[in-house]
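Residue numbers (our numbering): 21 to 236.
Inspection log for the structure reproduced underneath, given as structure tokens.
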Amino acid sequence: MSDWFDSGYEGIPKADEEYEKRGGGELRRFWLKPGASAEIVFETDEPLCFWEHHLKLGGSWQNWFTCRRDSEDGCHICENGDNPAYVGVFVIRDMTGWESKKGKGRQGVGRRMLFVVKRKTLKMIQTLKERREDGLVGLRFAVSRSDENSANCGDLFDFLRNEDMSALPDAGDMPNLMEMFKPLTNVEMASEVGGGSSSGGKGGGGGGSTEDDIPF
Ligand SMILES: [Zn+2]
21 MSDWFDSGYE GIPKADEEYE KRGGGELRRF WLKPGASAEI VFETDEPLCF
71 WEHHLKLGGS WQNWFTCRRD SEDGCHICEN GDNPAYVGVF VIRDMTGWES
121 KKGKGRQGVG RRMLFVVKRK TLKMIQTLKE RREDGLVGLR FAVSRSDENS
171 ANCGDLFDFL RNEDMSALPD AGDMPNLMEM FKPLTNVEMA SEVGGGSSSG
221 GKGGGGGGST EDDIPF
């Protein structure tokens, strides 16, 4: 099994484990509807920061790509005219969850989420952190979003109390953010978002540059 593939299904349980450990694919981004509030607890207070593209693809805005602007071969998505935003990622627990529509009460309280904020909110969190000697980890905040023009992670943070982290539901190992947000190659980007590139051709599966696409 030193190869990069599994024949058949034997590998699935191991992959499940791996995903669980990573906190992987299931880690969602926290966001608030305009006018809404929620309570969160910080699990990290040193953000992983980078430039990020947020694109509407096939009618959906659920598409984020880490920008490659500082890499030697540049960034396919920048070249296609999109401006990336500078973001910082924290890991949090959502202490509010949501009300079940099937009458099961509150769901998802304590679930781990990604807290991805833009520059303005990043600066605000930096200020919050600088005011506290011990940082933000374990602190519970009420966060509110004033309206549709304010940051979708909230623009008002109100400190509530120190949380007993050991009392939170077990969420496994902390996610590896570096791995999670590692940029795609330009070829991978082109095949995900389409658009022209210097190697020509619109859309399609990355045009004629498939040799570069083999990661093994
Ligand atoms: Zn870019």
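Even glycine gets a Cβ: it sits at the ideal position worked out from N, Cα and C.
Small disclaimer: the values here were computed from a predicted structure and weren't measured.
task = Just mark Ala58 as buried or exposed, buried being the case when its beta carbon has 16 or more other beta carbons within 10 Å.
result = Around the beta-carbon of Ala58, 16 or more other beta-carbon atoms lie within 10 Å, marking it buried.
message = Contact between the region 105-112 and the region 58-71 is defined here as three or more beta-carbon pairs at a separation below 8 angstroms; is this criterion met?
response = Because the criterion of three Cβ pairs below 8 angstroms is met, the region 105-112 and the region 58-71 touch.
query = Do Asn100 and Gly192 have their C-beta atoms closer together than 8 angstroms?
reply = Contact: no.
query = Where the beta carbon is closer than 6 angstroms to any heavy atom of ligand 1, which residues qualify, in chain order?
reply = The set of residues with any CB-heavy atom separation to ligand 1 below 6 angstroms comprises, in chain order, His73, Cys87, Arg88, Arg89, Cys95, Ile97, Cys98, Pro104.
request  = With DSSP as the reference, please indicate the residues paired to Val61 in a beta bridge.
outcome  = Val61 pairs with Arg113, Arg160.
ask   = Between the region 138-146 and the region 74-91, do at least 3 Cβ pairs fall closer than 8 angstroms?
value = Counting C-beta pairs closer than 8 angstroms gives fewer than three between the region 138-146 and the region 74-91, which falls short of the contact rule.
task = Would you give the residue range spanned by the beta strand (DSSP E) that Val137 belongs to?
result = Element bounds for Val137: 131-138.
key: Rounded C-alpha distance that separates Gly43 from Met194   = Caution applies to Gly43, whose pLDDT of 45 falls short of 50 and renders its modelled position unreliable; the value that the coordinates give is listed next. Distance from the CA atom of Gly43 to the CA atom of Met194, rounded to whole angstroms, is 7 angstroms.
ask   = When you compare only the Cα positions, how much space is there between Ser218 and Ser166?
value = Note that Ser218 has pLDDT 46, beneath the 50 cutoff, so the model's placement of it is unreliable and the number below is only indicative. Rounded to whole angstroms, Ser218 to Ser166 spans 43 angstroms at the Cα level.
Beta strand (DSSP E) segment containing Pro68, residue limits = Residue 68 is actually Leu in this sequence, not Pro. That run of the beta strand (DSSP E) goes 68-74.
ask   = Can you check whether the CB of Arg151 is closer than 8 angstroms to the CB of Arg181?
value = The beta carbons of Arg181 and Arg151 sit no closer together than 8 angstroms.
message = Please classify Ser27 as buried or exposed, where buried requires at least 16 neighbouring CB atoms within 10 angstroms.
response = It counts as exposed.
key: Chain-order list of residues whose beta-carbon lies under 7 angstroms from that of Pro33 (same chain, five-residue window excluded)   = Nothing listed; no residue qualifies.
request  = Tell me whether Lys82 sits in a helix, a strand or coil according to DSSP, three-state version.
outcome  = Per the sequence shown, the amino acid found at residue 82 is Gln instead of Lys. Coil, per DSSP.
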